[in-house]
Amino acid sequence: MSASVANLLFLYAPIVVLMVFSFNASRLSAGWQGLTLQWYRLLLEDEALRLAVQNSLVVAVVSTVVATGLGVCAAVGLERHPFRGREVVEGALLLPLVIPEIMMGVSLMLLFLLVNLPLGLITVTIGHAAFNVPIVLVIVRARLRKLDPSLEEAARDLGATSWQAFRGVTLPLLMPAVAGSVLLAFTISLDDFIVTFFTAGPGSTTLPLYVYSMVKSGVTPAINALSAILVLVSMALIGASLALQRR
Amino acid sequence: MAESSVELRDVSKRHGDTLAVDRVSLVIRRGEFFAILGPSGSGKTTILRMLAGFESPDAGDILIDGRSVRGVPPNRRSVNLVFQTYALFPHLTVAGNIAFGLEMRRVPAAEIAARVAEALDMVRLQGKQDRLPAQLSGGEQQRVALARALVNRPAVLLLDEPLGALDQQLRMDMQVELKTIQERVGLTFICVTHHQEEALTMSDRVAVMRQGRLLQVGSPRDIYEAPQSAFVANFIGRSNSLTGRIETVNGLRCTLRAADLPAAALVAATCPAGAGIGSPATLMLRPERLHLSADVQVDGYDNMLPARVCKAIYNGSETQYLLALSDRLSWQVLVPNVGNGQKRFQPGESVFLRWRADDAVVMPE
Amino acid sequence: MNLEVLSPDRRVSVRAVLVPRRPGLLLLPALVWLGLFFFVPLALMLAISFAWRGTYGGVEWTLSLANYVNVLDPLYLKVFLRSVLLAAVTTAVCLVLGFPIAYYIARLPARRQGIWLLLVMIPFWTNFLVRTYAWIFILRTEGLVNTVLISLGLIGSPIDVLYTETAIVIGLVYGYLPFMILPLYAAVERLPPSLVEAAWDLYASRWAVLRRVIVPLTKPGLVAGCILVFIPSLGAFMTPDLMGGARTMMIGNLIQHEFLVARDWPFGSAISLVLMALVLLGLAIYLRVEGAGKRPATEWMSR
């Protein structure tokens, strides 16, 4: 019990400290000099930040749509239609989950440079869609596996065609998982740093890249403020994703 | 050495809001096969877990071999448990499972080998020592669990619903075998069960529990033939009951006027201690102690009541009759099927029920 | 999508996509996408790793093992060794921290398990950059720890933890601890409590119960957790970049350096592929222990 509480402390203290100090008036950050909202105000006025947020949202929306379409189809294909070599195909589709992300980023960069596709929002989006496909696939497939196959069989038995059975029975039951994976993919895309780092070009700075450059150039309370906002946004999104998957 | 193997002194244990064990005192003798019998939630498993050391009493004390085991963890108690689910280690072979306790106590390897072989022999699993638990049948797993505990020669061997997971035939065979093994090794066995037949056949003494309390302790015969409460009478075996008021008392005998019988019917019975005229009482009567006849006969039976056959159920060794004594009272009777032109009664037939006064037990309310 | 308003012909075509005669069609889009943007780039990298660096960066196509020989240079070998070491230490720390909490959660009543798992996961959902920054904020010379310790008079001058290997391990452990806890939790949860009690009843001390029963029976979870922490730690880039210094370079930093600073793509590719070989080696060990892939490594993700 006490070890678990110590563990939780280790997990939470840094984030809480970060958020608390986003209200600290001191520019040097470590000593407490009173409450202020000036760092949040500073963020509001930051034009480059606004652009980065916009870029992040565009990339996240487009890559999530693509990844969800590809991932859901693949999950149904893998789970509902057994075929020879299924394990190999599954392994191949899930491989991006276990390969170090930096390899994905670097190799994509090589591809884009060699085919002369200028690095920018398009290349970033392509990369994000690629690493999100297996994530959607895993979640939707897990749900499919839990569904009782006799439900669809019952629908067939009651006279439904296989399409009607899928559309009328399986798909509605699958929707929570699909919605959950949409939210998760969206969040992962918003948060991604490494693949973005290697596939972004001038003008396609996303939010994490912006935070990175801020951190690189020195610790300021504005980063705390921005971090605090990001913490809350991520938690809200993932919380919603979990709630949907659980239904 | 103390005479008692296990002693519980006023032991209580609370689980959340419920009193799982309520001031239980109990002495279990050395070398005895003792059964704790009760429905689920009666606290019998909690007692077992306290003896094994997985739980500790909130109040009272437990003595094993005359010494308090308060604060002694399970691994320092000379007590071994045969788990209800067997809890065999799936990654160890049969021999590995049986040797586990000896290895933990750093018994020399040569002795371990000898004792494991002996234990395998005792539970008749020779040649299966290299199997994994998953490769064994339910009955074999049960034997491994038993051998794994026996091999340590504990002061007390605990069995948690030992035969619960076995099918009927195997269960009856194992009842006899468990008893045989216990007699051979001479260890104290404490067996927790909700299965009354198991408790009666295997044990020297039985304790009946309900809602954390100990209701009655005695030999299987005592428990069956002289239940001290309606619960015990009904939980162990089948029982017919009759409620009424005591009408007359004459030394050891009394008569009972039943509420559910015609006013003229008086029932003769053995008088319970402390019963006075007019006090309410319940009479309990085993179905096999009743005799049926088509005509009025008075040949040494103290009681006779008319009844109507509602249903006759043929069970092989016996026939079970359901009888209506009045609109509100129905009893069952078991008649052994002995053949030889035995009279069979049909539903609707009128019959007479007869029994001896001392075959019934009367309990004051 | 309202199918009723579509013409019969159109409905047939939608049907043909989702319930095709050849189920392979459902898999095709995902396979094509990942083929083009995951496998082709990896193949390209493999090809480039045998090439030479062009005069102005870029690639001069040849077939040479020079880049791989170059990896064996003590300078780079040291980076590899440091990475393996730091990843191993991170894994060990995660194991020591994660096992008690995973065990504790798995033994709670089912209803409270969910809450605790959520508590463990919540920090993990926060952007990795933000979490890394949090530790920088705490550990740096003018950071919270030093400020508090100095003002309490416990230390005279600041402790320099940031930009050391210790800082990297702290950052990585903080980043990947849930990867350890979740599979361990899943494994312990499947372990019947009666087995632990049985061992205890059979005279095993707590240490013996752990060593003889719990560890062997939760091995798949243990190995999965270790692999899930070790792989991303080995390929870490951001944590050592932000929390480490010039002398604590890891493979990820080396790769980034070769591609973006030195512009030596072939050598960078060779390093990446050696990294991938190390990762696949780890996976092979995992699959062996797991036994014929009974439970995919990714199973816990769907929990």
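Residue numbers (this note's numbering), protein chains in the order written: chain A, 85 to 331; chain B, 87 to 451; chain C, 846 to 1148. Glycine is no exception: its CB is placed at the ideal position from the N, C-alpha and C atoms.
Are Asn-389(B) and Ala-443(B) touching if we call contact CB-CB under 8 Å?
-> Residue 389(B) sits at position 303 when you count from the first residue of the second sequence. Residue 443(B) sits at position 357 when you count from the first residue of the second sequence. Yes, the Cβ-Cβ distance between Asn-389(B) and Ala-443(B) is below 8 Å.
Around the Cβ of Gln-255(B), are there at least 16 other Cβ atoms within 10 angstroms (buried) or fewer (exposed)?
-> In the second sequence, counting from the first residue as 1, residue 255(B) sits at position 169. With fewer than 16 other Cβ atoms within 10 Å, it is exposed.
Does Glu-236(A) have its Cβ less than 8 Å from a Cβ in chain C?
-> The residue labelled residue 236(A) in the question sits at position 152 within the first sequence. Answer no: the Cβ-Cβ gap between Glu-236(A) and chain C never drops below 8 Å.
Would you tell me roughly how many angstroms separate the C-alpha atoms of Phe-925(C) and Glu-1010(C), rounded to the nearest one?
-> In the third sequence, residue 925(C) corresponds to position 80, counting from 1. In the third sequence, residue 1010(C) corresponds to position 165, counting from 1. Approximately 14 Å between the Cα atoms of the pair.
DSSP puts Thr-405(B) in a beta bridge; with which residues?
-> Indexing the second sequence from 1 puts residue 405(B) at position 319. In DSSP, Thr-405(B) forms a bridge with Tyr-400(B), Val-421(B).
Whose Cβ in chain B lies nearer than 7 Å to the Cβ of Glu-1034(C)?
-> For the purposes of this step, residue 1034(C) is taken as residue 189 along the third sequence, with counting starting at 1. Close partners of Glu-1034(C) in chain B (Cβ separation under 7 Å) are lacking, with about 16 Å as the shortest Cβ gap.
Between the CA atoms of Gly-224(B) and Ala-251(B) - distance to the nearest angstrom | By 1-based counting over the second sequence, the position of residue 251(B) is 165. By 1-based counting over the second sequence, the position of residue 224(B) is 138. Distance between the alpha carbons of Ala-251(B) and Gly-224(B): 7 Å.
The stretch 112–121 of chain B in contact with the stretch 1017–1029 of chain C per 3-pair CB rule at 8 Å | As far as the Cβ criterion goes, the stretch 112–121 of chain B does not touch the stretch 1017–1029 of chain C, which means the pair count is below three.
By DSSP, does Cys-340(B) sit in helix, in strand, or in coil?
-> Within the second sequence, the letter at position 254 stands for residue 340(B). If DSSP states are grouped into helix, strand and coil, Cys-340(B) belongs with the strands.
Collapsed DSSP secondary structure at Gln-302(B) in the structure displayed | Reading the second sequence from its first residue, position 216 is the one you call residue 302(B). Correct three-state label for Gln-302(B): strand.
Test: Pro-180(A) CB closer than 8 Å to a CB of chain C = Counting from one through the first sequence, the residue named residue 180(A) turns up at place 96. Closer than 8 Å: yes.
Consult DSSP for Val-294(B) and reduce its assignment to one of helix, strand or coil.
-> By 1-based counting over the second sequence, the position of residue 294(B) is 208. In the structure shown, Val-294(B) sits in a strand (DSSP, three-state: E or B).
Return the chain-ordered list of same chain residues with a C-beta closer than 6 Å to the C-beta of Arg-1148(C), the five sequence neighbours on each side being excluded.
-> Here residue 1148(C) is taken as the residue at index 303 of the third sequence, counted from 1. Residue placement at Arg-1148(C) is poorly supported in this model, since its pLDDT is 31, which falls under 50; the coordinates are not used for a value here.
Please state if the CB of Ala-249(A) and the CB of Met-103(A) are separated by a distance shorter than 8 Å.
-> One-based indexing of the first sequence puts residue 103(A) at position 19. One-based indexing of the first sequence puts residue 249(A) at position 165. No.
Going along chain C in order, which residues have a C-beta closer than 9 Å to the C-beta of Pro-219(B)?
-> Along the second sequence, one-based indexing puts residue 219(B) at 133. The premise fails here: Pro-219(B) is roughly 11 Å from chain C at the closest Cβ pair, so nothing lies under 9 Å.
In three-state DSSP terms, what is Pro-366(B)?
-> The sequence position of residue 366(B) within the second sequence is 280, counting from 1. Strand, per DSSP.
For chain C, find out if any of its Cβ atoms is closer than 8 Å to the Cβ of Gly-287(A); answer yes or no.
-> Indexing the first sequence from 1 puts residue 287(A) at position 203. No, Gly-287(A) does not count as interfacial toward chain C.
Nearest-angstrom Cα separation, counted from Pro-143(B) out to Thr-329(B) | By one-based count along the second sequence, residue 329(B) stands at place 243. By one-based count along the second sequence, residue 143(B) stands at place 57. About 39 Å.
Given 8 Å, three or more beta-carbon pairs between the stretch 1056–1066 of chain C and the stretch 268–287 of chain A | no
Taking the continuous beta strand (DSSP E) assigned at Lys-99(B), which residues delimit it?
-> For this step, residue 99(B) is matched to residue 13 along the second sequence. Segment 90–101, the beta strand (DSSP E) holding Lys-99(B).
Go ahead and pull the three-state DSSP assignment for Ala-393(B).
-> Along the second sequence, one-based indexing puts residue 393(B) at 307. Strand.
Straight-line CA distance for Met-187(A) to Val-885(C)?
-> Residue numbering aside, residue 187(A) sits at position 103 when the first sequence is read from its first letter. Residue numbering aside, residue 885(C) sits at position 40 when the third sequence is read from its first letter. Looking at the two C-alpha atoms, the distance is approximately 12 Å.
Below 7 Å CB to CB, which residues in the same chain sit around Arg-227(A) once its five sequence neighbours on both sides are set aside?
-> By 1-based counting over the first sequence, the position of residue 227(A) is 143. The residues are Leu-258, Ala-261.
Per-residue contacts from Ile-1100(C) into chain A (C-beta, under 7 Å) | Locating residue 1100(C) in the third sequence gives position 255, counting from the first residue. Within chain A, the residues near Ile-1100(C) are Ile-186, Val-190.
Any idea if Glu-218(A) is buried or exposed, counting beta-carbon neighbours within 10 angstroms, 16 or more meaning buried?
-> Here the question's residue 218(A) lines up with position 134 in the first sequence. Per the sequence shown, the amino acid found at residue 218(A) is Pro instead of Glu. That one is buried.
Secondary structure of Leu-994(C), DSSP reduced to three states = To locate residue 994(C), count along the third sequence from 1; it is residue 149. Residue state, collapsed to three classes: helix.
In whole angstroms, what separates the C-alpha of Met-229(B) from that of Leu-179(A)?
-> In the second sequence, counting from the first residue as 1, residue 229(B) sits at position 143. In the first sequence, counting from the first residue as 1, residue 179(A) sits at position 95. Note that residue 229(B) corresponds to Arg in the displayed sequence, not to Met. Taking the straight line joining both Cα atoms gives about 47 Å.
Is the Cβ-Cβ distance between Ala-312(B) and Ser-327(B) less than 8 Å?
-> Along the second sequence, one-based indexing puts residue 312(B) at 226. Along the second sequence, one-based indexing puts residue 327(B) at 241. Against a cut-off of 8 Å, the Cβ pair of Ser-327(B) and Ala-312(B) comes out as no contact.
With distances taken Cα to Cα, identify the nearest neighbour of Thr-289(A) among Ala-132(A), Thr-120(A), Ser-86(A).
-> The residue given as residue 289(A) occupies position 205 in the first sequence. Cα-wise, what sits closest to Thr-289(A) is Ala-132(A).
Using a C-beta cutoff of 8 Å, does Met-295(B) count as contacting chain C?
-> Here residue 295(B) refers to the residue found at position 209 of the second sequence. Met-295(B) does not count as touching chain C.
Does DSSP put Asn-91(A) in a helix, in a strand, or in coil?
-> Counted from its first residue, the first sequence places residue 91(A) at position 7. Helix.
Length of the line joining the Cα atoms of Gly-323(A) and Tyr-1021(C) | In the first sequence, residue 323(A) corresponds to position 239, counting from 1. In the third sequence, residue 1021(C) corresponds to position 176, counting from 1. Each residue's Cα considered, the two are about 19 Å apart.
What residue range is occupied by the uninterrupted alpha helix (DSSP H) comprising Arg-115(B)?
-> For this step, residue 115(B) is matched to residue 29 along the second sequence. Element bounds for Arg-115(B): not the alpha helix (DSSP H) but the beta strand (DSSP E), 104–115.
Taking the alpha helix (DSSP H) that Asp-1086(C) falls in, what are its first and last residues?
-> The residue given as residue 1086(C) occupies position 241 in the third sequence. It spans 1083–1088 - the alpha helix (DSSP H) in which Asp-1086(C) sits, taken as one unbroken run.
Beta-carbon proximity of Ser-1117(C) to Met-966(C), cut-off 8 Å | By 1-based counting over the third sequence, the position of residue 1117(C) is 272. By 1-based counting over the third sequence, the position of residue 966(C) is 121. No, they are not a contact pair.
Look at the alpha carbon of Val-1106(C) and the alpha carbon of Phe-196(A), and state the distance between them as a whole number of angstroms.
-> Residue numbering aside, residue 1106(C) sits at position 261 when the third sequence is read from its first letter. Residue numbering aside, residue 196(A) sits at position 112 when the first sequence is read from its first letter. Those two C-alpha atoms are separated by around 18 Å.
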